[in-house]
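K.L.:
Residues 1 to 357 in this note's numbering are what the sequence shown spells out, letter by letter. Pasting in a structure now, in structure tokens, and then I'll have a few things to ask.
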Amino acid sequence: MNFQDIFPVLKEYTYFNTAYSGILYQPLIAWRQQHDQQYLAGGSNFRLESATTIEKLRLKLSEIFQAKNVFLIPNFSFGFNTLLNGLAKNQRFLLLNEDYPSVAYPVKSSGFEFQEVSIDENLEENILKAIESFKPTAFAFSMVQYISGYKLSERFIKQIKQSYPQLLLIADGTQFCGTKTFNFAESGLDAILSSGYKWLLSGFGNGFCMLSDQLIDVLYQEKSTETLPTAPFLQGKSHLAMNFEPGHLDTLNFGSLDYSLNFLQSVGFEAIEKSNQLLCNQARAEFYNRGLLPEWMIKRESQSTIISLPLKTEMVENLANAKILCSARGAGTRFSLHFYNTVDDLQQLLDVIDGKN
């Protein structure tokens with residue numbers, strides 16, 4: 001498939017910036033326009049059908065990610081803060097140093113005791129040592145680090161859960177979900193929360209939260225015995241749904257997520273994973289050969305679709321002049337590669353780095 005035909009931005013730019021924002025595509029825009037036309041014509045009659053749209057999305061998320069406890073959220077930050085508000089304040093959190101602010105700040109500012117782990121070539125060893133010494137009750141982390149692209153392997157996460165079954169594992173999946181196949185039920189995680197606007201290509205204002213039974217058992221315990229509202233339009237909502245899904249759910253935004261999940265399924269999550277791995281491995285090898293990545297980084301067991309390079313300001317300006325989109329993050333320049341990126345895209349980037357363009 002020639003993705004330039006449906007992703008207009010790819011005709012204008014070499015797009016290595018999905019980690020900042022996923023891109024929209026023509027069929028999704030057509031669906032969104034149809035949605036609003038139907039709302040325009042039908043008014044309240046259109047809204048009466050919204051429950052079907054929402055439940056269809058919930059079932060789709062359960063099917064793709066093998067999760068039975070699914071809540072719809074406008075973004076990761078809302079969902080994560082809602083989750084933290086439902087935990088007892090005696091929880092002790094393990095965090096990763098320089099993780100995404102929306103992970104670290106809510107934990108630190110909510111009064112939880114916490115300890116941070118350094119991110120370096122010994123990351124997994126550092127985590128295990130901290131679990132033994134600090135004895136946390138919860139470990140909150142991004143599956144993929146937004147600055148460096150470091151990724152915790154699914155195998156390592158399962159290992160933690162097997163060794164410390166009572167430790168709650170809470171993951172930000174925003175830089176992960178949509179890049180590969182993923183089975184929540186078998187992951188060892190107690191929660192994964194994700195916004196949909198990056199790798200899921202769903203636009204803004206949509207996301208999801210998936211919870212294990214173990215975590216559900218300790219969330220909002222004080223509210224769990226309170227009487228729920230009896231209004232007919234709230235029938236069937238649990239106390240958790242009242243917290244994670246308060247008020248109305250936007251059918252345009254969540255319908256966009258449903259549409260994009262179907263689109264990604266049509267491309268194939270396995271095909272997306274394979275394409276991403278092949279191009280990212282090739283890119284890392286090329287960057288390593290140019291002295292832009294250390295050897296230990298390219299030898300990590302589990303790799304993400306984000307690569308950070310130490311480029312000088314002049315080089316970053318050259319990239320912008322060549323219409324190559326990327327992001328400054330931390331001390332480096334971040335490149336993120338998705339299934340619509342090609343070997344030709346990579347070559348254009350390498351030509352600029354090599355001074356050929």
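The beta-carbon is built from N, C-alpha and C at its ideal position, and this holds for glycine as well.
Give the single residue among Gly149, Leu292 and Gly86 whose Cα lies nearest to the Cα of Gly330.
P.N.:
Closest option to Gly330, Cα to Cα, is Gly149.
K.L.:
Would Thr137 and Leu168 be called neighbours here (beta carbons separated by less than 8 angstroms)?
P.N.:
Taking 8 angstroms as the Cβ cut-off, Thr137 and Leu168 qualify as a contacting pair.
K.L.:
DSSP has Met210 in a bridge; who is on the other side?
P.N.:
DSSP output for Met210 lists Val70 and Ile192 as bridge partner(s).
K.L.:
Report the rounded CA-to-CA distance for Arg361 versus Thr251, giving the unit in angstroms.
P.N.:
The shown model of the chain, from 1 to 357, leaves out residue 361, and the question about it has no answer.
K.L.:
When the distance is taken between beta carbons, is Leu240 closer than 8 angstroms to Leu257?
P.N.:
Result no, Cβ atoms of Leu257 and Leu240 do not sit closer than 8 angstroms.
K.L.:
Please report how far the alpha carbon of Pro106 lies from the alpha carbon of Leu84, in whole angstroms.
P.N.:
The straight-line gap from Cα to Cα measures roughly 8 angstroms.
K.L.:
Just grab the DSSP bridge partners of Asp172 for me.
P.N.:
According to DSSP, Asp172 bridges with Ser142 and Leu193.
K.L.:
Alpha carbon to alpha carbon, how far is Val144 from Phe182? Give it in angstroms, no decimals.
P.N.:
Whole-angstrom Cα-Cα distance: 14 angstroms.
K.L.:
Can you tell me where the alpha helix (DSSP H) holding Arg47 begins and where it ends?
P.N.:
Counting along the chain, the alpha helix (DSSP H) containing Arg47 begins and ends at Ser44 to Leu48.
K.L.:
Of all the alpha helix (DSSP H) runs that stay within the bounds of the region 230-307, which reach a length of 4 or more residues?
P.N.:
DSSP runs (the alpha helix (DSSP H)) wholly in the region 230-307: 239-244, 251-267, 269-289 and 295-298.
K.L.:
Using only the alpha-carbon positions, how far apart do Gln303 and Glu317 sit?
P.N.:
One C-alpha to the other measures close to 27 angstroms.
K.L.:
Relative to the alpha-carbon of Lys237, which residue among Leu72, Ser327, Ser260 and Glu314 has its alpha-carbon at the smallest distance?
P.N.:
Among Leu72, Ser327, Ser260 and Glu314, the Cα nearest to that of Lys237 is on Leu72.
K.L.:
Let me know if Asn341 comes out buried or exposed under the rule of 16 or more other beta-carbons within 10 Å of its beta-carbon.
P.N.:
That one is buried.
K.L.:
Do Leu201 and Ile64 come within 8 angstroms of each other at the CB atom, strictly closer than that value?
P.N.:
Not closer than 8 angstroms, so no.
K.L.:
Give me the residue from Asp345, Ser212, Ser44 and Tyr197 with the minimum Cα distance to Tyr25.
P.N.:
Ranking the options by Cα distance to Tyr25, first place goes to Tyr197.
K.L.:
Would you say the region 74-83 touches the region 201-215, given that touching needs at least three Cβ pairs under 8 angstroms?
P.N.:
Touching, yes, given that three or more Cβ pairs across the two stretches are closer than 8 angstroms.
K.L.:
When we look at the beta-carbon of Val343 and count the other beta-carbons within 10 Å, is it buried (16 or more) or exposed?
P.N.:
Classification for Val343: exposed.
K.L.:
Rounded to whole angstroms, what's the CA-CA distance from Phe309 to Phe335? Just pull it up for me.
P.N.:
It should be noted that the sequence gives Leu, not Phe, for residue 309. Each residue's Cα considered, the two are about 8 angstroms apart.
K.L.:
What residue range is occupied by the uninterrupted alpha helix (DSSP H) comprising Ala130?
P.N.:
Run containing Ala130: Leu123 to Phe134, per the alpha helix (DSSP H) assignment.
K.L.:
Find the nearest neighbour of Lys223 within the set Gly205, Gln214, Asp213 and Asn243, judged by alpha-carbon distance.
P.N.:
Comparing Cα positions, the closest option is Asn243.
K.L.:
Shortest alpha-carbon distance to Thr313 belongs to which of Ala30, Ile353, Pro74 and Tyr164?
P.N.:
Checked all of Ala30, Ile353, Pro74 and Tyr164; the closest Cα to Thr313 is Ile353.
K.L.:
Evaluate Ser194 with the Cβ neighbour count: other Cβ atoms within 10 Å of its Cβ, from every protein chain shown; 16 or more gives buried, anything less gives exposed.
P.N.:
The residue in question, Ser194, is buried, as its Cβ has 16 or more Cβ neighbours within 10 Å.
K.L.:
Report buried or exposed for Arg284, applying the criterion of at least 16 other Cβ atoms within 10 angstroms of its Cβ.
P.N.:
Its Cβ being crowded by 16 or more others within 10 Å, Arg284 is buried.
K.L.:
Return the bridge partner residues of Arg329 from the DSSP annotation.
P.N.:
BP columns for Arg329 point to Gly332.
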